[in-house]
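Q: Protein chains in written order, with our numbering: chain Y, -1 to 196; chain E, 16 to 319.
All residues carry an ideal CB built from backbone N, CA and C; glycine is no exception.
One structure follows; several queries about it will come next.
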């Protein structure tokens, strides 16, 4: 970003590179009114990546279908922000504003998803195992990077202390992964897999 | 000056428009060979409401794009998505969607197709197969590599209808383990059905491995009946055909999966490029009218 200082970088990009300073600035700044724009954009991008990797073209049918199917991910994120903000937050920032600022921190995930879409498009179905290897090795980057951003979000935007921010990160992980595990448990997929170790 | 964000949004919109126009799915007629209708089928695909990425109806659309006449939606230990997919596929004019399930037990994974209710996974493989048959379905050993073979004892092999000889696992694990299991099955019972399946979850591998089913007509019951009678041909990933030699002869060289006409292929590629760069630009650049605290105007406002 410092190589191209004159480009109008988005707040998403600025938060990704300097989360503490930029969250400090933004939480003191004027609120946007389009609070759900970023969660909806994130869902839309999930649908876009699904369409690009499935059909090799962004058909509206697949984009919207994917956005609807994977809309549960931003929904769970919103639930986790609401819960951890209410339990540990000290800044008194309105929930909708907190949601907007939280989704600013998704750039590592969205850029990684676009990278996966590009890699998948240059990988033949016969070499899908190679694609999975790349995914499994590279996913550590957005996981760790988004945790760092999340940490600064809880500290700077929601005004949490160190124990509160740690607890909020754990709540976030528990809500998202817990929901997915509950789904697999109740659909009868989890128990046999645990028993078999596959 | 047009902002980079606005230009990115326009690029994304143009890409999706191009991609949607390029969403052309060819009309397909099944092959006719020796009095049979040869149905190209992928009998192992997962959809959303399970651990697959596509909605059941999108799976049906994509199956048509891949030149498949039939698919089985086989989520782990549930048939809900498959039933939805079958109902909707009938409304959109196909392909045939068989209600199925990947019976996922600790010791085995078994594909059940042509069933209506979920089959319990706590019994032995032989018991699960009997339950599939009681519902009028066919039972196929899923990706029977070495680690999934143990549960198929002699009683199970005697009633098993078929086994996957072509499966994407073989690209990484090798084809021999699937061949060896199928040879065991051929010794245990007469005329088992060789099956090629993609075990589709996500990306573009639907129909990568497929089964040529020689059915009396293009219908769900006829397809299941053909599976039960072993009237299938599948090419393993080493290019070796499996199945009745007469059916292999009738099939001849398997037809290539359909490709887009050149104009549609160009439009699809253009849609891909525009939407990808548009999405990236939308994430990276701020709009001309967006207020950010770091802009001089916003800083001035704050001081005021």
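Among Y:149, Y:169, Y:170, which has the Cα closest to the Cα of residue 160 of chain Y?
A: Taking only the C-alpha atoms, the option nearest residue 160 of chain Y is Y:149.
Q: Mapping the DSSP letters down to three states, classify residue 56 of chain E as helix, strand or coil.
A: It is a strand residue.
Q: What residue does the alpha helix (DSSP H) around residue 4 of chain Y start on, and which one ends it?
A: Careful: residue 4 of chain Y lies outside any alpha helix (DSSP H) and carries neither H nor E.
Q: What does the Cβ neighbour count give for residue 219 of chain E, buried or exposed, with the cut at 16 atoms within 10 Å?
A: The residue is buried, with at least 16 neighbouring Cβ atoms inside 10 Å.
Q: Return yes when the Cβ of residue 140 of chain E is within less than 9 Å of the Cβ of residue 171 of chain E, no when it is not.
A: Against a cut-off of 9 Å, the Cβ pair of residue 140 of chain E and residue 171 of chain E comes out as a contact.
Q: Applying the criterion that 16 or more other CB atoms from any shown protein chain within 10 Å of the CB defines a buried residue, is residue 312 of chain E buried or exposed?
A: With a pLDDT of only 39 at residue 312 of chain E, under the threshold of 50, the placement of this residue in the model should not be trusted; the figure read from the coordinates follows. Exposed, since its Cβ has fewer than 16 Cβ neighbours within 10 Å.
Q: Would you say residue 194 of chain Y lies against chain E (beta-carbon separation less than 9 Å)?
A: Judged by the 9 Å Cβ criterion, residue 194 of chain Y is in contact with chain E.
Q: What residue range is occupied by the uninterrupted beta strand (DSSP E) comprising residue 229 of chain E?
A: Residues 226 to 230.
Q: Tell me the DSSP secondary structure of residue 313 of chain E in three-state form.
A: Confidence at residue 313 of chain E is low in this model, with a pLDDT of 40, below 50, so its placement is unreliable and the value that follows should be read with caution. Three-state result, residue 313 of chain E: helix.
Q: Does DSSP put residue 127 of chain E in a helix, in a strand, or in coil?
A: The answer is strand: DSSP assigns residue 127 of chain E an E or B state.
Q: Would you mind telling me which residues of chain Y sit closer than 8 Å to residue 65 of chain E, beta carbon to beta carbon, in chain order?
A: Those are 185, 187, listed as they occur along chain Y.
Q: Hey, could you find the ends of the alpha helix (DSSP H) residue 100 of chain Y is sitting in?
A: From DSSP, the alpha helix (DSSP H) with residue 100 of chain Y extends over 93 to 101.
Q: If you reduce the DSSP assignment to three classes, tell me which class residue 146 of chain Y lands in.
A: Residue 146 of chain Y: helix per DSSP, three-state reduction.
Q: Is it right to say residue 37 of chain Y is buried, meaning 16 or more other beta carbons lie within 10 angstroms of its own, or is it exposed?
A: Buried, because 16 or more other Cβ atoms sit within 10 Å of the Cβ of residue 37 of chain Y.
Q: Per the DSSP calculation, residue 51 of chain E is bridged to which residue(s)?
A: Paired residue(s): E:48.
Q: Using a Cβ distance threshold of 8 Å, determine whether the segment 188 to 202 of chain E contacts the segment 41 to 49 of chain E, with at least three qualifying pairs required.
A: The segment 188 to 202 of chain E vs the segment 41 to 49 of chain E: no contact.
Q: For the alpha helix (DSSP H) that residue 52 of chain Y lies in, which residues bound it at each end?
A: Segment 35 to 53, the alpha helix (DSSP H) holding residue 52 of chain Y.
Q: Looking at chain E, is there any beta carbon in it that lies within less than 9 Å of the beta carbon of residue 65 of chain Y?
A: Closer than 9 Å: no.
Q: Cβ closer than 9 Å: which chain Y residues qualify as neighbours of residue 38 of chain E?
A: Under the 9 Å cutoff, chain Y gives 53, 55, 57, 58, 59, 60.
Q: Output yes or no for whether 9 Å exceeds the beta carbon distance between residue 242 of chain E and residue 181 of chain E.
A: In this structure, residue 181 of chain E does not lie closer than 9 Å to residue 242 of chain E by Cβ.
Q: Quick check on this structure: which residue in E:290, E:301, E:302, E:300 has the alpha carbon closest to the alpha carbon of residue 47 of chain Y?
A: Of the candidates E:290, E:301, E:302, E:300, the one whose C-alpha sits nearest the C-alpha of residue 47 of chain Y is E:290.
Q: Skipping 5 residues on each side, what residues in its chain have a beta carbon closer than 7 Å to that of residue 258 of chain E?
A: These residues qualify, in order along the chain: 209, 247, 248, 249.
Q: Could you tell me the alpha carbon to alpha carbon distance between residue 128 of chain E and residue 144 of chain E, rounded to whole angstroms?
A: Distance between the alpha carbons of residue 128 of chain E and residue 144 of chain E: 11 Å.
Q: Could you tell me which whole alpha helix (DSSP H) segments of length 4 or greater appear in the segment 73 to 114 of chain E?
A: List check, alpha helix (DSSP H) in window: 95 to 106.
Q: Pop quiz: residue 157 of chain Y and residue 89 of chain Y are said to be a contact at Cβ under 8 Å. What is the actual Cβ separation, rounded to whole angstroms?
A: With 8 Å as the limit, residue 157 of chain Y and residue 89 of chain Y qualify as a contact, their Cβ atoms being about 3 Å apart.
Q: Can you list the beta strand (DSSP E) stretches of 3 or more residues lying completely in the segment 11 to 36 of chain Y, in chain order?
A: The segment 11 to 36 of chain Y contains no whole beta strand (DSSP E) run of 3 or more residues.
Q: When you compare each of Y:11, Y:51, Y:166 to residue 121 of chain Y by their alpha carbons, which one comes out closest?
A: Here the closest residue by C-alpha is Y:51.
Q: At a Cβ threshold of 9 Å, is residue 98 of chain Y touching chain E?
A: Answer no: the Cβ-Cβ gap between residue 98 of chain Y and chain E never drops below 9 Å.
Q: Output, in chain order, the set of chain Y residues within a Cβ distance shorter than 7 Å of residue 219 of chain E.
A: The answer, in chain order, is 51, 52, 54, 123.
Q: Considering residue 67 of chain E, what are the terminal residues of the alpha helix (DSSP H) in which it resides?
A: Looking at the DSSP string, residue 67 of chain E is not in any alpha helix (DSSP H), and its letter there is neither H nor E.
Q: Would you list, in chain order, the members of the segment 130 to 154 of chain Y that have their beta-carbon closer than 7 Å to a beta-carbon of chain E?
A: Those would be none; no residue qualifies.
Q: Would a check of beta-carbon distances place residue 85 of chain Y closer than 9 Å to chain E?
A: For residue 85 of chain Y, the answer is no, since every Cβ of chain E falls outside 9 Å of its Cβ.
Q: Hey, quick one: how far does the beta strand (DSSP E) through residue 250 of chain E stretch, first residue to last?
A: Unbroken beta strand (DSSP E) run through residue 250 of chain E: 247 to 250.
Q: Look up residue 292 of chain E in the DSSP assignment and say whether it is helix, strand or coil.
A: Of the three classes helix, strand and coil, the one that applies to residue 292 of chain E here is helix, per DSSP.
Q: Quick check on the DSSP output: the beta strand (DSSP E) that includes residue 161 of chain Y runs from which residue to which?
A: Premise fails: residue 161 of chain Y lies in the alpha helix (DSSP H), 160 to 184, not in any beta strand (DSSP E).
Q: Does the Cβ of residue 257 of chain Y have 16 or more other Cβ atoms within 10 Å, making it buried, or fewer, making it exposed?
A: With chain Y covering only -1 through 196, there is no way to say anything about residue 257 of chain Y.
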